[in-house]
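K.L.:
One structure follows; several queries about it will come next.
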Amino acid sequence: MADRGCPLEAAPLPAEVRESLAELELELSEGDITQKGYEKKRAKLLARYIPLIQGIDPSLQAENRIPGPSQTTAAAPKQQKSRPTASRDERFRSDVHTEAVQAALAKYKERKMPMPSKRRSVLVHSSVETYTPPDTSSASEDEGSLRRPGRLTSTPLQSHSSVEPWLDRVIQGSSTSSSASSTSSHPGGRPTTAPSAAATPGAAATTALAGLEAHTHIADLHSAPPDVTTGLVEHSYFERPQVASVRSVPRGCSGSMLETADGVPVNSRVSSKIQQLLNTLKRPKRPPLKEFFVDDFEELLEVQQPDPNQPKPEGSETSVLRGEPLTAGVPRPPSLLATLQRWGTTQPKSPCLTALDTTGKAVYTLTYGKLWSRSLKLAYTLLNKLTSKNEPLLKPGDRVALVFPNSDPVMFMVAFYGCLLAELVPVPIEVPLTRKDAGSQQVGFLLGSCGVFLALTTDACQKGLPKAQTGEVAAFKGWPPLSWLVIDGKHLAKPPKDWHPLAQDTGTGTAYIEYKTSKEGSTVGVTVSHASLLAQCRALTQACGYSEAETLTNVLDFKRDAGLWHGVLTSVMNRMHVVSVPYALMKANPLSWIQKVCFYKARAALVKSRDMHWSLLAQRGQRDVSLSSLRMLIVADGANPWSISSCDAFLNVFQSRGLRPEVICPCASSPEALTVAIRRPPDLGGPPPRKAVLSMNGLSYGVIRVDTEEKLSVLTVQDVGQVMPGANVCVVKLEGTPYLCKTDEVGEICVSSSATGTAYYGLLGITKNVFEAVPVTTGGAPIFDRPFTRTGLLGFIGPDNLVFIVGKLDGLMVTGVRRHNADDVVATALAVEPMKFVYRGRIAVFSVTVLHDDRIVLVAEQRPDASEEDSFQWMSRVLQAIDSIHQVGVYCLALVPANTLPKAPLGGIHISETKQRFLEGTLHPCNVLMCPHTCVTNLPKPRQKQPEVGPASMIVGNLVAGKRIAQASGRELAHLEDSDQARKFLFLADVLQWRAHTTPDHPLFLLLNAKGTVTSTATCVQLHKRAERVAAALMEKGRLSVGDHVALVYPPGVDLIAAFYGCLYCGCVPVTVRPPHPQNLGTTLPTVKMIVEVSKSACVLTTQAVTRLLRSKEAAAAVDIRTWPTILDTDDIPKKKIASVFRPPSPDVLAYLDFSVSTTGILAGVKAGRGGSRL
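Here the working numbering is used: position 613 in the sequence shown is 698, and no number is missing along the way.
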């Protein structure tokens, strides 16, 4: 069968023959004709067009032989080699990411000559001959195609049901009708073509006709568009699960077996006529109604094929990492409240918490006796003094909101333990400052879903809340109706001496709910049980080695996360003294926490890498501080890979002031799993700290590849210590079934422990997915008898069983098949010079979905004194840096004025709210740079105009005029003006002359300054006269002729427009060039010179100011003055007229050149003809 070919050149079939074939196809699909009758009629129609094989010289047949399956499959792997990427030297010796970014940007400066501008894409575009015809058949997919890659199967080959040809020289060789099995009519289906399509068009036609004669069909060979340089075709094989049916064996085939509808081979003695009849009867006449309305948009999108050279995990399967046993140690009370009662009665004067004001002075120290007595008073008041209709307002298990500012940890601690004593569930939230706070509506939704109707606060906080006209606290958007209770001492009732709370805090009941904002902006509540709370306190006590009467300096938010676990809960269990440093004090004095460590001789400190960085900036001149008392400096955001730079810099500066290297202890945590891992000092049995230098390219594919710090695109991460005591940890794949990762693969960290959260309040669906994950081995067997909790942390297990974190699931952006972390992109953008361009380092990076794929968006606040020129230069450098370091394009880069991005409670950027404003169009940026061409690589396939009305139109009538007709045409330009006078002026220069005579005083252009004041105008006649003067100067002074190129180096304004029309008047070709920036000649002037040279400009037209700039000493340092062509300034040119305006002989004459430098440093030019620029 494979040897049958035809050496003759085949001509396209007449339209009536193709129409008859289409009618036959429709009759067969609807069961109006048998298979045998179909074949006889089709053979009769094609008899005169198929050349006879008999009588042809065998040598000619051999020369035109169709390649067999073995040849095709052998050639396919060779053709599937990916295009080699441009090799580049990325080595630049540096230990800082900033230097790596500067080294990457330096490569763009080294380019002397412009490179050709060519948009590259993973798509392969082809000519019309290779386009797949769109599916217009009304019949369903054939049941009879059990596809197997690379296998030749015999079946009748039928033509497409469309009557309009979609090939120029080849008749349709595959079918999308009901009886064909080569193309699926469902979304996601892919067409198949024969391997012989790699030949020339004549040979392709020969193959198609020969295939029609032999009734052959090659199944499931999907050919990519041909490479016109080699004439070869790359074959990709796709296997689609489909229902099998009987395949008939044509005459001359020696096969002895057939396939039944169940895929079972049967003996060939069964009559083929019976099998054909079965095939026809089983085929439905009409497809289900829902198939008419399947959106094929996803099918139209190009699917990015994985790079065959991408790194893949090669290690063995990981196992469960078990933490050290949770030892009881010294005897302790059975619950946290029992511990509080013990310290409150036996050590009432022991300091528990010290609050500082914004000047750093201690305003109040809460003792354990005061904490116990105040908590009792609050619990008694909540249970007995709040009534509704003579019934208690609150019942055990009710949720209560805690609204306290970050500067009042004392009252928050009293309220938290008071709720626990009253068996109520505290829900700490942030103080709403305005009625339009970022994320406030989502917090209100959480309060409503939790059934909160009472909020506890202080008198000072309530006075600062927004008020309604009645004087009551205003109703916030999305919040449920709340009653506000002030819990200052004078508002609480003293309980009787015989009253004791009945709190039971040792079971599985909910202790408190901590809010969490997801990546998409929704707010959920993580419930923590009493048992989990107690286990977390004991695990932290053992891991950190806390002991009684120790002092802890806490810089974190005490209402949630590590600030709550260490500074409010675990500290009470160990009778520790906590010194709380408010955020307002850190803004005023970043060294305040170090001063308090030194003053109180604190043994432990709880900070973030941000606080360490701020301290470095403010430490100059501070010589009297000592950190020798610290035994643990807990870095709460150690899960951020970029925290290592702050840790190393902080150690380098403060090591001489008593800070020991082993004191720095990064940790990793999440709201769902609480504390996941923490580094222990050597005296607590911790191994030495480790660092890993990883390839960013490997990480983008989820693979761990150790690299050297000399490379530009590397990520240096530090370990976050060992697993928490009593916990079991594993690493699972991010998507689909939670299979265990390999040892060199990045996955999501999962924890099984008694010290984790229990659920998302009221959300059973996502609770099961996150808190009840069951990791399995590659064989599908569960790895543990207890469920695991997903942490949302991405990482791996390194040497010495240390945990390494490389990112978070909330910051993950998947572009194509690669993963990028938002923190990595932020670090790269911040490293671009000038580093102080971004206002206080406020950058937000997130992804938006465009064409079913994530696209990276970067939003930054620019400094108030930044100019537009500086902004776009910085944005271009950021795009170049991200392209070099991460090999990914940025969809949009937007700059907004300072202090305009929505803020999080502690001053950071509210990412989800920023994303929402971007999508809604309410971000109001002052500078925007969109680069969709660099990142949107899965554009839809070219679509064909449909030859007839599709099936959807048959059902909905005139509402649908066809199936995806991707064509639109405007009305003819001639109909815009019916007068002959208007038709005579075809080109822009003619129109300007006509306007100067007919409407001379009509204002065409107004030039405004920064204040909005009009500085200059140009009417029709004024622009015409100025253009004449420019044209006369070009011909007399410049001695230019028709067709010469002239560079117009003007700032935006009327002078540029007049010079442009002056060139058109004398027949010269204008080339508009942005003038160099006076304060940055070293960078902008070479670009101007490059455009002038590449455009082959014979003259430079500009103003006197720019002329002086080009001939200045600063400019001479960058570009030799003698290399410029003739420079003419148009400020004081004489008033002269030209004899006649140049009239182009044809619309194809070049009108102007438009050059631009892309964000990656490539110079691209666009030619515009007179016909393209005419009216």
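Don't be surprised by glycine CBs; every beta carbon is placed ideally from N, CA and C.
For R871, collect the residues of the same chain with a Cβ closer than 6 Å to its Cβ; drop the 5 residues on either side in sequence, then sort them by chain order.
P.N.:
Counting only Cβ-Cβ distances below 6 Å, and skipping sequence neighbours, we find S837.
K.L.:
Distance check for V917 and V186, CA to CA, integer angstroms please.
P.N.:
Approximately 7 Å, taken between the alpha carbons.
K.L.:
Between which two residues does the alpha helix (DSSP H) holding H698 run?
P.N.:
Unbroken alpha helix (DSSP H) run through H698: 694-703.
K.L.:
Opposite N1012 in the DSSP bridges: which residues?
P.N.:
Looking at the DSSP assignment, N1012 forms a beta bridge with L980.
K.L.:
From E833 to D885, what distance separates their C-alpha atoms?
P.N.:
So the two alpha carbons sit approximately 19 Å from each other.
K.L.:
Rounded to whole angstroms, what is the Cα-Cα separation between C826 and I1247?
P.N.:
Roughly 41 Å separates the two Cα atoms.
K.L.:
Tell me the DSSP bridge mates of E476?
P.N.:
Answer is S473, bridged to E476.
K.L.:
Which residue marks the beginning of the alpha helix (DSSP H) containing F735, and which one marks its end?
P.N.:
Element bounds for F735: 728-739.
K.L.:
Does the Cβ of E599 have 16 or more other Cβ atoms within 10 Å, making it buried, or fewer, making it exposed?
P.N.:
Per the 10 Å Cβ criterion, buried.
K.L.:
Can you name, in chain order, every residue of its own chain whose Cβ lies under 6 Å from the Cβ of R205, other than the five neighbours on each side?
P.N.:
In this prediction, R205 scores a pLDDT of 36, lower than 50, which makes its location untrustworthy; no coordinate-derived value is stated.
K.L.:
Does DSSP classify A687 as helix, strand or coil?
P.N.:
If DSSP states are grouped into helix, strand and coil, A687 belongs with coil.
K.L.:
DSSP state of R940, grouped into three classes?
P.N.:
If DSSP states are grouped into helix, strand and coil, R940 belongs with the strands.
K.L.:
Closest to V944 by CA distance: which of V933, D938, A762, D950 is it?
P.N.:
Comparing Cα-Cα distances from V944 to each of V933, D938, A762, D950, the minimum goes to V933.
K.L.:
Considering only their Cβ atoms, is the gap separating L1125 from C1153 smaller than 8 Å?
P.N.:
In contact: C1153 and L1125 (Cβ atoms closer than 8 Å).
K.L.:
Which two residues bound the contiguous alpha helix (DSSP H) that contains K672?
P.N.:
From DSSP, the alpha helix (DSSP H) with K672 extends over 668-673.
K.L.:
Nearest to C815 by alpha carbon, out of A189, P393, L131, R407?
P.N.:
Among A189, P393, L131, R407, the Cα nearest to that of C815 is on R407.
K.L.:
Can at least three beta-carbon pairs, one atom from the stretch 425-441 and one from the stretch 464-477, be found at a separation below 8 Å?
P.N.:
Because the criterion of three Cβ pairs below 8 Å is not met, the stretch 425-441 and the stretch 464-477 do not touch.
K.L.:
Name the one or two DSSP bridge partners that F643 has.
P.N.:
Looking at the DSSP assignment, F643 forms no beta bridge with any residue, so it has no partner.
K.L.:
Should R716 go down as buried or exposed, given a rule of 16 or more other Cβ atoms within 10 Å for buried?
P.N.:
That one is buried.
K.L.:
According to DSSP, simplified to helix, strand and coil, what is L208?
P.N.:
Only weak support exists for where L208 lies, its pLDDT of 36 falling under 50; the coordinates are left without a value.
K.L.:
Along the chain, where does the alpha helix (DSSP H) containing W428 start, and where does it finish?
P.N.:
Start and end: 421-431.
K.L.:
Does at least one heavy atom of the ligand ADP sit under 7 Å from the Cβ of E757?
P.N.:
The ligand ADP is absent from the structure shown, which contains no ligand whatsoever.
K.L.:
Got a sec? Which residues, its chain only, sit under 7 Å from I749 by beta carbon, not counting five neighbours each side?
P.N.:
Excluding sequence neighbours, I749 sits near L718, V720, C732, L736.
K.L.:
Taking only runs of the alpha helix (DSSP H) that begin and end inside the stretch 1078-1123, which ones reach a length of at least 4 residues, in chain order?
P.N.:
Counting only runs of 4 or more, we get 1105-1121.
K.L.:
Is it a yes or a no for the stretch 888-906 touching the stretch 843-857, going by three-plus beta-carbon pairs under 8 Å?
P.N.:
In short, these stretches do not touch, since the Cβ pair count stays below three.
K.L.:
Spatial neighbours of W564 within its chain, please: CB distance less than 7 Å, with the 5 preceding and 5 following residues excluded, ordered by chain position.
P.N.:
The residues are G529, L532.
K.L.:
At the level of alpha carbons, what is the spacing between V1234 and H1130?
P.N.:
Each residue's alpha carbon lies about 13 Å from the other.
K.L.:
On the DSSP letters alone, give me the boundaries of the alpha helix (DSSP H) that A1269 sits inside.
P.N.:
This structure gives no information on residue 1269, because the portion of the chain shown stretches from 86 to 1260.
K.L.:
Taking the alpha-carbon positions, what's the D1216 to C1148 distance?
P.N.:
Roughly 16 Å between the two C-alpha positions.
K.L.:
Kindly list the residues whose CB is nearer than 6 Å to the CB of S1101, restricted to its own chain and excluding five residues on each side of it in sequence; keep chain order.
P.N.:
Closer than 6 Å at the Cβ level, and outside the excluded window around S1101, lie L1092, V1139.
K.L.:
For chain D, find out if any of its Cβ atoms is closer than 8 Å to the Cβ of G811; answer yes or no.
P.N.:
Among the protein chains of the structure shown there is no chain D, as only one such chain exists.
K.L.:
Considering only residues of the same chain and omitting the five flanking positions on each side of K1000, which have a CB-CB separation below 6 Å?
P.N.:
So the qualifying residues of the chain are F931.
K.L.:
Could you check whether the stretch 536-543 touches the stretch 471-490, counting it as contact only if at least three pairs of C-beta atoms, one from each stretch, sit closer than 8 Å?
P.N.:
Judged by Cβ distances under 8 Å, the stretch 536-543 makes contact with the stretch 471-490, as three or more pairs qualify.
K.L.:
If you check the beta carbons only, do Y465 and W584 fall under 8 Å apart?
P.N.:
Going by C-beta atoms, Y465 is nearer than 8 Å to W584.
K.L.:
With DSSP collapsed to three states, give me the class of S492.
P.N.:
S492: coil per DSSP, three-state reduction.
K.L.:
Please state whether DSSP places N725 in a helix, a strand or coil.
P.N.:
If DSSP states are grouped into helix, strand and coil, N725 belongs with coil.
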